[in-house]
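Take a look at the structure set out below.
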Amino acid sequence: MFEALNKFFSKNKEQSSKDIARDRLKLVLIGDRTNISPEILEMIKSEIIKVISNYVEIDVESLEIQITRTLGDDGKTSVPALMANIPIKSAKKFNSK
Amino acid sequence: MSEVIVITSGKGGVGKTTSTANIGVALAMEGKKVVLIDTDIGLRNLDVVMGVENRIVYDIVNVIEGVCRTKQALIKDKRFDGLFLLPAAQTRDKSSITPENMVKLCEELKKEFEYIIIDCPAGIEQGFANAIAAANRAIVVTTPEVSAVRDADRIIGLLEANGIYDHKLLVNRVRIDMVKKGDMMNINDIVDILAVELIGVVPDDENIIITTNRGEPAVMGKSKAGLAYRNITKRIIGEEIPFMDLDDKGGFFGSFKRIFGKNN
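Going down the list, the protein sequences come from chains R and Z. Sequence positions in the first sequence follow my numbering and run 53 to 149. Sequence positions in the second sequence follow my numbering and run 762 to 1025.
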């Protein structure tokens, strides 16, 4: 959690005010749309990193995770969706044995 | 088939009443039969924005309580045929009417009008429930500020929870000079965050204040905001109108990109 906050604040130094507004909104809407707290989201994030890292080398710094809206199964209701943007650096070589 | 469209926002002061008045007048300019309903009981304002405040005899609560017939409470606009206003009560409160009352009232008005435009009060309580009860479409008004966008998100969720899936976003009071400097969220940022379809963008325009002073909605004149509302209205009735250039200087595509964000 602190790490995420720190990252936000250090980034903000070069950010324009509208980028700050957008990022703050994205964070606050996660809480508004679901009951997932930033702490839980941070935990989900670290677990995802752990699992994916078993198979591929990922760019942990630019990994993004957010709650957004997407169209549900009925085609008209929008449901909250967990979106993870995970940049892959390279696939890990497996010793197949 | 009549349309019942609620103009809502959650947050106050983002331009619901101004948008209702302008869209209403523009619909009448398109030759549609339109009735505007002010559901902000206790804080009525659509009458002054429309410039008909001196002609109110009966109001929506009188209609619902059976004090008068619906037609007696409707104020006919003297400038446009087919444009009427049903004013809110000023000395009552939101609990004076129920969602059921609104459904019944709109069913009656549907026989007479093609478009019923409902001006929703700020907030998410009784007044909101009343305003959306009869609506089959919604226009969510926001401004490029964190508080307004956050409230718009909440409202979109509540509209869907109440079965209104046809909702579109109107971004009001956009200042292109601030967007260019990176000091105001652009349209792309907002649409991206809210994940909702856009119906139009209205620039921040002093003509809105001037026309409201006079009680003559901006769509009647030649201002940028007025043109934006005319375009929004055409999209409401199903025409495909490209999003307008809010910038005086520079080419169309350049400023289009600036307003909407560089990635688009």
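Virtual Cβ for every residue (Gly too), placed ideally from N, Cα, C. Keep in mind it's a predicted model, so treat the numbers as computed, not measured.
Within a Cβ cutoff of 7 Å, which residues of the same chain sit near residue i, ignoring the five residues on either side of it in sequence?
| i | result |
| --- | --- |
| N992(Z) | G961, I1002, M1005 |
| I969(Z) | T779, A979, A986 |
| A787(Z) | V980, Y990, R991, T994 |
Do you know how far the Cα of residue j is from the Cα of residue i?
| i | j | result |
| --- | --- | --- |
| G982(Z) | E921(Z) | 36 Å |
| L807(Z) | K772(Z) | 17 Å |
| N947(Z) | V828(Z) | 48 Å |
| M945(Z) | E875(Z) | 37 Å |
| S780(Z) | Y990(Z) | 8 Å |
| K70(R) | L955(Z) | 15 Å |
| R76(R) | R830(Z) | 50 Å |
| D965(Z) | N783(Z) | 15 Å |
| S68(R) | A136(R) | 24 Å |
| R74(R) | D953(Z) | 10 Å |
| N106(R) | I92(R) | 22 Å |
| V112(R) | I101(R) | 7 Å |
| V775(Z) | I917(Z) | 16 Å |
| I997(Z) | T972(Z) | 23 Å |
| I104(R) | I72(R) | 29 Å |
| M790(Z) | T800(Z) | 23 Å |
| E1000(Z) | R853(Z) | 40 Å |
| N1024(Z) | L123(R) | At N1024(Z), the pLDDT of 45 sits below 50, so the modelled position is not reliable; the number obtained from the coordinates is stated separately. Their backbone Cα atoms lie some 23 Å apart in a straight line. |
| A850(Z) | G803(Z) | 6 Å |
| A909(Z) | G976(Z) | 26 Å |
| P882(Z) | E99(R) | 44 Å |
| K832(Z) | L870(Z) | 9 Å |
| V810(Z) | N87(R) | 40 Å |
| V765(Z) | N923(Z) | 15 Å |
For the beta strand (DSSP E) containing residue i, list its first residue and its last residue.
| i | result |
| --- | --- |
| A850(Z) | A850(Z) -> no beta strand (DSSP E), and no H or E assigned at all. |
| T122(R) | 116 to 123 |
| P964(Z) | 958 to 964 |
| V902(Z) | 898 to 903 |
| E94(R) | From DSSP, E94(R) is part of no beta strand (DSSP E) but of the alpha helix (DSSP H) over 90 to 105. |
| I140(R) | 140 to 143 |
| I877(Z) | 876 to 880 |
| I817(Z) | No beta strand (DSSP E) holds I817(Z); DSSP gives it neither H nor E. |
Pick helix, strand or coil for residue i, following the three-state DSSP scheme.
| i | result |
| --- | --- |
| N132(R) | As written in the sequence, residue 132(R) is Pro, which differs from the Asn given in the question. The answer is strand: DSSP assigns P132(R) an E or B state. |
| K1010(Z) | Reliability fails at K1010(Z), whose pLDDT of 48 lies under 50, so the model's placement of it is uncertain and the value that follows must be treated cautiously. In the structure shown, K1010(Z) sits in coil (DSSP, three-state: anything other than H, G, I, E or B). |
| V767(Z) | strand |
| L804(Z) | coil |
| R830(Z) | coil |
| L835(Z) | coil |
| E109(R) | strand |
| G774(Z) | coil |
| S69(R) | helix |
| A782(Z) | helix |
| N891(Z) | helix |
| I954(Z) | helix |
| N949(Z) | helix |
| V795(Z) | strand |
| F735(Z) | Here chain Z covers residues 762 to 1025 and nothing more, so residue 735(Z) does not appear. |
| N137(R) | strand |
| N823(Z) | helix |
| N1004(Z) | The amino acid occupying residue 1004(Z) in the given sequence is Phe; Asn does not appear at that position. Of the three classes helix, strand and coil, the one that applies to F1004(Z) here is coil, per DSSP. |
| N64(R) | Here N64(R) scores only 48 on pLDDT, less than 50, and its place in the model is too uncertain to base an answer on. |
| M762(Z) | coil |
| D938(Z) | helix |
| D75(R) | helix |
What are the start and end residues of the alpha helix (DSSP H) that includes residue i?
| i | result |
| --- | --- |
| K929(Z) | Looking at the DSSP string, K929(Z) is not in any alpha helix (DSSP H); the run it does join, the beta strand (DSSP E), is 928 to 935. |
| K985(Z) | 985 to 997 |
| R975(Z) | 967 to 975 |
| S908(Z) | 907 to 922 |
| V864(Z) | 860 to 871 |
Residues in its own chain within less than 6 Å of residue i by CB, not counting five upstream and five downstream?
| i | result |
| --- | --- |
| R85(R) | I119, P132 |
| D125(R) | none |
| I82(R) | I119 |
| S770(Z) | K777, V902 |
| V963(Z) | N933, A986, A989 |
Please list, in chain order, all residues of the same chain as residue i whose beta carbon is under 8 Å from its beta carbon, the five residues on each side excluded.
| i | result |
| --- | --- |
| K78(R) | Q118 |
| P139(R) | I110, D111, S114, L115 |
| A834(Z) | V818, Y819, D820, I821, N823, V824, L847, P848 |
| F845(Z) | V795, V796, L797, L835, I836, K837, D838, F874 |
| K141(R) | V108, E109, I110, D111 |
| E886(Z) | K855 |
Along chain A, which residues have their Cβ under 8 Å away from the Cβ of residue i?
| i | result |
| --- | --- |
| T86(R) | In summary, chain A is missing from the structure at hand, where the protein chains are R and Z. |
Mind the definition here: the region 929 to 938 of chain Z touches the region 899 to 914 of chain Z only if three or more C-beta pairs lie below 8 Å; say whether that holds.
-> Short answer: they touch.
Given 8 Å, three or more beta-carbon pairs between the region 885 to 899 of chain Z and the region 811 to 829 of chain Z | No, because fewer than three Cβ pairs between the region 885 to 899 of chain Z and the region 811 to 829 of chain Z fall closer than 8 Å, the two stretches do not touch.
Would the region 871 to 890 of chain Z and the region 794 to 812 of chain Z be scored as touching if the rule is three or more Cβ pairs under 8 Å?
-> Between the region 871 to 890 of chain Z and the region 794 to 812 of chain Z, the count of C-beta pairs closer than 8 Å reaches three or more; the two stretches touch.
Are three or more beta carbon pairs between the region 877 to 897 of chain Z and the region 854 to 864 of chain Z nearer than 8 Å?
-> Yes: at least three Cβ pairs fall under 8 Å.
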